[in-house]
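First comes the structure, then the notes that go with it.
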């Protein structure tokens, strides 16, 4: 193909001349700014040990908190950055606010019971506000902050201890709000008070001292009943266990309960006595050491696997934050544990960061590696290895194994909130003494995250978030924001892991921050962009870091893209622009994973002659909401630099009426020697150009038509570009040139299936075919090509009577109208595609009624057998299933000879020959349900895969 110069692109230089990646224009206020509450030394911490417990040391290290105030007084970054961010939140307002206060009272709860989830929302708001106010009191000395915090704590200390009752998921959502409320009380208890009383706006004289009565009431009315009612088990699933421990640590430390504290330390690290070992959320199990000789281990070397990444990345993220926060709590107490058992010891112990050979760092690294775009090793523990390494049991109840299949891509790359803290990096760098070089070798993804932090106020998609409370919607869900109060002093001299000093000017996602180089031979990360060299094809692109780390792995699919970009927030209606510059033309393959041949979009890359441009694309299907993978395919001399992804026409993004290019598909097949014209419609463009195409092809000056007279049969490509001085859009046109009309017809007609079509499709195919045949020797070329295009479209839309999958079963999801679904009598449809995708981990939804397939009034299905596979981890939810058939949807005949069992493997359900007749309806019904996964949610039904073997047939009318 012939390259065309696009000098018109140079005009973009004037607009984009200075690379805007990372451009920051809104400075965070310095601590000395009078608009910020002034830092003072009026208040002191009463640091002490009681019964071996350090105070105040739940959420913060007391010595580090003193240091934080000292750093703020000196105006030191990054403390000032976090402080300026925190005080911009409503939680830091001097105005008293409470969600659970009875109007007209000082400390009477509006609702003194705790029996439903609406109460956890109130505790979340009041708990985090009380905590923020207590911090502000220590930093500023302003008594209004102490008054606000005390009043909130005292209100919740007046709860009715007899009015607590467990409700579904309370152990998940109560602990973190509880942790912050108790941490607020801890700070109030161990800070000094200059003025013993305070007169509030209602002219009440309030005792500002923390008293024994305060301790007794809070312990009796809130701490003890919460721990007894909601946090009293050590067998909750993965992060649910860690949430529970977060609350328990706060309660035990506040109460000086050394025995309980030591118990919780062991439960956080090993949890030896759990009765549900496969769902154990303790560090030693959750970050699992895979054996080198496990036959399921393709790497043939030991590695750490973060198990819940097999479920989804959002829950895996929760584990990361919980474990990092719990390690800080244990570290704040200066506790040492046995290096294997995780039990607190007085001598010869290790801290949680050293435990099990830095297991915490290894597990977090795996999470960041995968979520930044890299491939990581993975073992499917739900599959059989050998006698020594059997499949882990899975019954959905005592052994929940929804992580036992492939690693999950659900939520992959959703990292924006993570880039506000370098907590783990800091502990290993400054407390454990690892050098930056050592960390880069051991945990390069952790280093990438820690050394590319956001400002305290950052973008998630096109919306701004504040690090202080960023893991909150209507309730606090994670701990971690408070880490900045415990940062090491070395961060004042070392800027390797600091938040950005000023807020980002746009919501652009920078490759320098969220980008990952996958092939180090073909891509290199610069300060503000990633430079990529084109490859001839995807087979030439390797994932070099994985290959170097795991040289024996010959089976894990990887490679095919030079780079990835995480941290995206895509939508079905969004339009995006890649800020790139290039020295030649190439193709850009965009994929949702680092697997070759899986591109969901191919974009023509123009030669920008080294100037930065925004190249537009979209992803209406949202193949991957948070991560895209990019492969540059072309001549090896072509290089493309990737700076950022921008969100078009959002308040924080690039404002541009994105050009569009539409080309008539009527003449996708043309004839040798015939002059052909394609109508072209271009909008929102100041310029357009034919970037490449076969010899002799031209684009009209006004951009409204494309002309060409081909001289040789074959397949050709043309690329048109449109530009509006801000944004460039390209369009690829693929053309087939046939020698003559007969050859063109033969090529299209060969795509007609030999399998029978429905009568409606046969009628349409016959009509379209006849129209082409009539024009084989007569009529104009334009008429022939139009008829041929219509025939091709008709073939593509034609419906087979019996579309099948590779296993011979009926592809009942092949056409939108093939099967109508519903659940019992509910107006709720079923996601049929997820039942046929060879992935039992995907689900068609959770239901509580039979699932019914309706093949419609014109068709019947004659089944011979069924295959049902349980959803990964939940065989109990499809256990006891029978299949029924019906002609009218009212009278049902049981077809299967036996029910499904509680197993994860595919189960074939045969049908007796006398029942292998035609039915309009099929019903999948659980007749003898298994035990519920959670007793609070009984009767849930779902399936991983359903296959129907047999034939669909036409009704006889």
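Numbering (the working numbering), first residue to last: 18 to 974.
Glycine included, every Cβ here is placed at the ideal spot set by N, Cα and C.
Item to complete: Give the single residue among 905, 928, 923 whose Cα lies nearest to the Cα of residue 911.
Response: 928
Worksheet item: How would you label residue 715, buried or exposed, when you count the other beta carbons within 10 angstroms and need 16 or more for buried?
Response: exposed
Item to complete: Can you tell me which of the three DSSP states residue 818 falls into?
Response: coil
Discussion item. Three Cβ pairs or more, each shorter than 8 Å: is that satisfied between the stretch 117–128 and the stretch 167–187?
Written reply: yes
Worksheet item: Going by alpha carbons, who is nearest to residue 139 out of 170, 325, 110?
Response: 170
Practice prompt. Specify the secondary structure class of residue 897 as computed by DSSP and reduced to three states.
Written response: coil
Worksheet item: When the Cα atoms are used, what is the spatial distance from residue 227 to residue 202?
Response: 9 Å
Discussion item. Tell me which residues share the same chain as residue 503 and place their Cβ nearer than 8 Å to its Cβ, disregarding the 5 neighbours each side in the sequence.
Written reply: 77, 78, 81, 82, 85, 345, 349
Discussion item. On a Cα-Cα basis, can you pick out the residue from 665, 97, 971, 119 that is closest to residue 12?
Written reply: The structure shown has nothing for residue 12, since the chain only spans 18 to 974.
Fill in: CB of residue 634 within 8 Å of CB of residue 607, strictly
yes
Fill in: Cβ contact (3+ pairs, closer than 8 Å) linking the stretch 573–581 and the stretch 606–620
yes
Practice prompt. Identify whether residue 416 lies in helix, strand or coil by the three-state DSSP scheme.
Written response: coil
Item to complete: Could you please give me the residues that DSSP links to residue 924 through a beta bridge?
Response: 885
Fill in: Run of the beta strand (DSSP E) containing residue 142, from where it starts to where it stops
Taken as a continuous stretch (DSSP letters only), residue 142 belongs to no beta strand (DSSP E), being part of the alpha helix (DSSP H) at 135–157.
Worksheet item: Are the stretch 506–516 and the stretch 526–539 touching, with three or more C-beta to C-beta distances below 8 Å?
Response: no
Worksheet item: Can you tell me whether residue 303 is buried or exposed, with buried defined as 16 or more other CB within 10 angstroms of its CB?
Response: buried
Fill in: When 328, 315, 370 are compared against residue 301, the one with the closest alpha-carbon
370
Worksheet entry | Simplified DSSP state of residue 809, which is helix, strand or coil | helix
Worksheet entry | Three CB pairs or more closer than 8 Å across the stretch 155–164 and the stretch 51–67 | yes
Practice prompt. Within its chain, find whatever has a CB closer than 7 Å to the CB of residue 654; leave out the 5 residues flanking it on each side and keep chain order.
Written response: 601
Discussion item. With DSSP as the reference, identify every bridge partner of residue 647, one or two as the case may be.
Written reply: 580, 607
Worksheet item: Who are the near neighbours of residue 331 in its chain, counting only those whose CB is closer than 8 Å to its CB and skipping five residues on each side?
Response: 427, 428, 431
Worksheet item: If we count Cβ pairs, one from each stretch, closer than 8 Å, do we get three or more for the stretch 252–265 versus the stretch 182–191?
Response: yes
Worksheet item: Is there contact here, the stretch 723–743 with the stretch 683–690, by at least three beta-carbon pairs under 8 Å?
Response: yes
Worksheet item: How about residue 966 and residue 880: do their beta carbons lie closer than 8 Å?
Response: yes
Worksheet entry | Where residue 761 sits in the DSSP three-state scheme | helix
Discussion item. Helix, strand or coil, according to DSSP, for residue 198 in the structure here?
Written reply: helix
Worksheet entry | DSSP three-state assignment for residue 664, whether helix, strand or coil | strand
Worksheet item: Where does residue 135 land, buried or exposed, given buried means 16+ other C-beta within 10 angstroms?
Response: exposed
Worksheet item: In whole angstroms, what is the alpha-carbon distance linking residue 215 and residue 61?
Response: 18 Å
Item to complete: Assign residue 971 to buried or exposed, taking buried as 16 or more other Cβ atoms, counted over all protein chains shown, within 10 Å of its Cβ.
Response: exposed
Discussion item. Can you give me the C-alpha to C-alpha distance between residue 152 and residue 204, rounded to a whole angstrom?
Written reply: 8 Å
Worksheet item: Measuring CB to CB, does residue 436 end up less than 8 Å from residue 466?
Response: yes
Fill in: Coil, strand or helix - residue 542 by DSSP
strand
Practice prompt. For residue 574, count neighbouring Cβ atoms within 10 angstroms of its own Cβ and tell me buried if that reaches 16, exposed if not.
Written response: exposed
Fill in: Rounded Cβ spacing between residue 923 and residue 968 (contact assumed at less than 8 Å)
About 21 Å separates the two Cβ atoms, so there is no contact after all.
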